[in-house]
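Following: one structure in structure tokens, then a few remarks.
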Amino acid sequence: MSTMTTARGRIDWLGIFFAGLLTIAIVGPLLVVGTWAFTEVWRYPNVIPQQFGFRFWAQTLGRADVWNALMLSLQLTTVVTLLSALICLPAAYAFARMNFPGRNILFFSFLAGHAFPKFGLLVAIAAIFLQLDLIGTFWGVVLIQLVGTLMFMIWIPVAAFQSVDRRMEEAARDVGAGPFRVFWSVTLPQAGPTIAAAVLLSFVGTFYETEGAWLIGAPGIRTMPVLMISFINNQMVIQFGAVLSVLLWVPSFIALMFARRVIGGGAFARGFGG
Amino acid sequence: MSEATKQAVRPLVDTAESRRPIGLLFVAIPVFLVIWLVIWPAINAISRTVWRKDKSGEMGFDLSSYAFFFSDSYSLDNLSITLWTTLVCAILLLMICLPIALYLRFSRGRLAAYVQALAIFPMFVPSIILAFAFIRVLGPNGMVDILFNAVDLPKIRTPYLTPWGPVIGLVWDNIPLTVLILLAGLGSVANQSIEAARDVGANAVQVFWHIILPRISNSILVALSFSVLGIFSSFTLPYLLGPASPEMLGPFMQRTLREVQDPVGAMTQAVIAFGFCIVFGLFYVRSVARSREK
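Quick mapping for you: the protein sequence lines, in order, are chains H and R. Under the UniProt record's numbering, the residues of the first sequence are numbered 1 to 274, in order. Under the UniProt record's numbering, the residues of the second sequence are numbered 1 to 294, in order.
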């Protein structure tokens, strides 16, 4: 196809090299974790576990702290995603379609959070939350995670609204549709899929958010990732961590499937300044 | 109606005369959140660390918390391990991701698609799962030890709980975005210019050095800025994989705030982190804003 590959000959040795290396470095560790999750006995130095089974799934899922953390994580994530959609989508529509003083500077103000090293900013926020008694509370964590979703939930929907065909909206209005009807029947179906992807990605991103939850939420708020930290630190039964990893992996996998369309074509990287 | 069409073709930068302030109402809450929880904390952290109560209880200009940080050997050790980790990660990321991005740019087919899918894959692995996988593979009696033992090789010294632990984890975590940003930059290198250089006898190294590198230098800087901002104040991976002492700034700030309960000390560390990252932060924001305006 291109000059460089044809010059190298038929067999793509470089590709085989990269594929092999990345398989070992990226798939390998995850396979080990997956194996641990279905292992009952694996004593060093055996290469393969002595006994496979689901015993630790029952034990992990029987733990009250796992269920509490899962329920809390789902509650937090749902609240944050709904609030984020509620405040960001109208803002995105305004940025895409309306004209108001200071529009550009306000649009780019959402980049401000990315000019700082993230954890340093979290510490600065936590210092304010200390004075407001928001440390260790549900709403403190909601606020910190909400800020993390803002840029994502505004910039992607803005692009979605901007790409809606204006002539179709005008045609609908010409035949007598009201502004709300036009938005519901013409604008939303076109922008919908991209917006849904943004909502889903922010849901998954919030579900895995660890640093804010740990810094602001401890000790009262224990989300799934925070619980996982304590499982790793306390060196509990290895399989508990492995089973949790496999469980935690499921939402990520769904996001992977959805994100393919958003990430495709390098558009996602361009959003990050590529 | 005609006004609407005009707006549709108008770029984000506008010079219009008809401005309707109603739009401000729509964007008010998110903008308020950014001001309250991004801009205000940064200003607050700076002002509260330089304008403090002295012993007699009077407010005044006071840099003693900074003086303490830069004279305390433990703080300085933490700062230097942070700088070392960031530098090593940046170099390793470039050495790993640039060849992958170059390969992906000039290859088609299923193998290239597989390599690209794998390179992006870590984006969908939460760092907490990565930390667990790291310990199971490279930790004591982990998979590497098992495999080495099976072929009668000596045990490795595990990088777990050494400064190399966070380095390996952070590089793994940052591969996807670095590859994506570099790949987007390589998209602007035209095939014709490479073919033209080849026609006049340039070899692969010359093509890379004289044709490709100058065109993607901006993308390299963006990719590096992005990873430096993330790595410099990273928390989860250094906290779980790194040594307890010296520790990177992320865990150090967390401990100062929550365990030592010294908000002024923690904010001082945060402001110092801002200071070290400001160049990268501004460069990154400028590049994103520019590419967005196009």
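Positions of the beta carbon are idealized from the N, C-alpha and C atoms, including for glycine.
Worksheet item: Taking a cut of 9 Å between CB atoms, which residues from the region 61 to 86 of chain R lie near chain H?
Response: Going along the region 61 to 86 of chain R in chain order, one finds no residue with a Cβ nearer than 9 Å to chain H.
Item to complete: In angstroms with no decimal places, state the Cα-to-Cα distance between residue 225 of chain R and residue 231 of chain R.
Response: Near 10 Å, if we compare the C-alpha coordinates of residue 231 of chain R and residue 225 of chain R.
Worksheet entry | 8 Å contact criterion, which residue 234 of chain R and residue 120 of chain H should meet: CB distance rounded | Rounded, the Cβ-Cβ distance is 11 Å, inconsistent with contact.
Worksheet entry | Beta-carbon separation (whole angstroms), residue 226 of chain H vs residue 210 of chain H, contact threshold 8 Å | Contact flag correct, Cβ pair sits at about 7 Å.
Discussion item. I'd like to know whether the C-beta atoms of residue 200 of chain H and residue 146 of chain H end up nearer to each other than 9 Å.
Written reply: The Cβ atoms of residue 200 of chain H and residue 146 of chain H lie no closer than 9 Å to each other.
Item to complete: Specify, as a first and last residue, the run of the alpha helix (DSSP H) that residue 268 of chain R falls within.
Response: Looking at the DSSP string, the run of the alpha helix (DSSP H) that includes residue 268 of chain R is 263 to 293.
Fill in: Distance CB(residue 257 of chain R)-CB(residue 143 of chain H) smaller than 9 Å
Cβ distance not < 9 Å, so residue 257 of chain R and residue 143 of chain H don't count as in contact.
Worksheet entry | chain H contacts made by the region 241 to 257 of chain R, where a contact means CB separation under 8 Å | Taking 8 Å as the Cβ-Cβ cut-off against chain H, the residues of the region 241 to 257 of chain R that qualify are 249, 250, 253, 254, 257.
Discussion item. Do residue 96 of chain H and residue 186 of chain H count as a contact pair if the criterion is CB distance below 9 Å?
Written reply: Contact: no.
Worksheet entry | Simplified DSSP state of residue 55 of chain R, which is helix, strand or coil | Looking at residue 55 of chain R - three-state DSSP - the assignment turns out to be coil, as it is neither helix nor strand.
Worksheet item: DSSP state of residue 41 of chain H, grouped into three classes?
Response: Three-state result, residue 41 of chain H: strand.
Worksheet item: Using a C-beta to C-beta distance shorter than 7 Å, which residues of chain R count as neighbours of residue 187 of chain H?
Response: Going along chain R, no residue has its Cβ under 7 Å from residue 187 of chain H, so there is no contact; the nearest lies around 12 Å.
Worksheet item: Is residue 228 of chain H near residue 241 of chain H, with beta carbons less than 9 Å apart?
Response: Yes, Cβ-Cβ distance for residue 228 of chain H and residue 241 of chain H is below 9 Å.
Worksheet item: Taking all protein chains shown into account, do 16 or more other C-beta atoms lie within 10 angstroms of the C-beta of residue 285 of chain R, making it buried, or fewer, making it exposed?
Response: When all chains shown are included, residue 285 of chain R counts as buried.
Practice prompt. Give the single residue among R/281, R/275, R/91 whose Cα lies nearest to the Cα of residue 46 of chain R.
Written response: Answer by Cα proximity: R/275.
Fill in: Cβ neighbour criterion (16 or more within 10 Å) applied to residue 174 of chain H
It counts as exposed.
Worksheet item: Taking residue 255 of chain H as the reference, which of H/224, H/196, H/237 has the closest Cα?
Response: Residue H/196 is the option with its Cα nearest to residue 255 of chain H.
Worksheet item: According to DSSP, what are the bridge partners of residue 51 of chain H?
Response: In the DSSP output, where bridge partners are listed per residue, residue 51 of chain H has H/41.
Worksheet item: Of all Cβ atoms in chain H, is any one closer than 9 Å to the Cβ of residue 59 of chain R?
Response: With 9 Å as the cut-off, residue 59 of chain R does not count as an interface residue toward chain H.
Discussion item. Residues of chain R with CB closer than 9 Å to the CB of residue 232 of chain H, please, in chain order.
Written reply: Annotation: Cβ neighbours of residue 232 of chain H in chain R (cutoff 9 Å, chain order): 128, 131, 132, 135, 240.
Discussion item. With a threshold of 8 Å, are at least 3 pairs of Cβ atoms found where one atom belongs to the region 130 to 147 of chain R and the other to the region 103 to 118 of chain R?
Written reply: Touching, no, given that fewer than three Cβ pairs across the two stretches are closer than 8 Å.
Discussion item. Can you tell me whether residue 60 of chain R is helix, strand or coil according to DSSP?
Written reply: Note: residue 60 of chain R maps to strand in three-state DSSP.
Practice prompt. Give me the Cα-Cα distance between residue 128 of chain R and residue 100 of chain R, rounded to the nearest whole angstrom.
Written response: Rounded to whole angstroms, residue 128 of chain R to residue 100 of chain R spans 25 Å at the Cα level.
Worksheet item: Residue range of the alpha helix (DSSP H) that residue 103 of chain R falls in?
Response: In the DSSP annotation of this structure, the continuous segment of the alpha helix (DSSP H) that includes residue 103 of chain R starts and ends at 73 to 105.
Practice prompt. Express the C-alpha separation of residue 97 of chain R and residue 227 of chain R in angstroms, rounding to a whole number.
Written response: For residue 227 of chain R and residue 97 of chain R, the distance between alpha carbons rounds to 12 Å.
Fill in: Spatial neighbours of residue 221 of chain R in its chain, beta-carbon cut-off 7 Å, leaving aside the 5 residues before and after
Excluding residues within five positions, the ones whose Cβ falls inside 7 Å are 283.
Worksheet item: Applying a beta-carbon distance threshold of less than 7 Å, which residues of chain R neighbour residue 126 of chain H?
Response: Going along chain R in sequence order, the residues near residue 126 of chain H (Cβ under 7 Å) are 257.
Worksheet item: CA-CA distance, residue 253 of chain R and residue 88 of chain H?
Response: When rounded, the distance between both Cα atoms is 31 Å.
Worksheet item: Using 8 Å as the threshold, is the region 106 to 116 of chain H in touch with the region 168 to 184 of chain H, meaning 3 or more CB pairs across them?
Response: Touching, no, given that fewer than three Cβ pairs across the two stretches are closer than 8 Å.
Fill in: Chain-order list of residues whose beta-carbon lies under 8 Å from that of residue 74 of chain R (same chain, five-residue window excluded)
Excluding the 5 residues flanking it on each side, residue 74 of chain R has same chain C-beta neighbours closer than 8 Å at 245, 246, in chain order.
Discussion item. With a threshold of 9 Å between beta-carbons, can residue 206 of chain R be considered close to chain H, or not?
Written reply: No, residue 206 of chain R lies away from the interface with chain H (no Cβ there is under 9 Å from its Cβ).
Worksheet item: Which value, in whole angstroms, describes the spacing of the CA atoms of residue 16 of chain H and residue 51 of chain H?
Response: Each residue's Cα considered, the two are about 34 Å apart.
Worksheet item: For the region 66 to 100 of chain H, which residues have a beta carbon sitting closer than 8 Å to at least one beta carbon of chain R?
Response: Of all residues in the region 66 to 100 of chain H, 87, 88, 90, 91, 93, 94, 95, 97, 98, 99, 100 have a Cβ within less than 8 Å of some Cβ in chain R.
Worksheet item: Where does residue 211 of chain H sit, in a helix, a strand or coil, going by DSSP?
Response: Note: residue 211 of chain H maps to helix in three-state DSSP.
Worksheet entry | For residue 280 of chain R, the nearest candidate out of H/103, H/117, H/253 (CA to CA) | Comparing C-alpha distances from residue 280 of chain R to each of H/103, H/117, H/253 shows the shortest one belongs to H/117.
Worksheet entry | Closer than 9 Å at the beta carbon, the chain R residues around residue 229 of chain H | By Cβ distance, chain R contributes 128, 131, 236, 239, 240.
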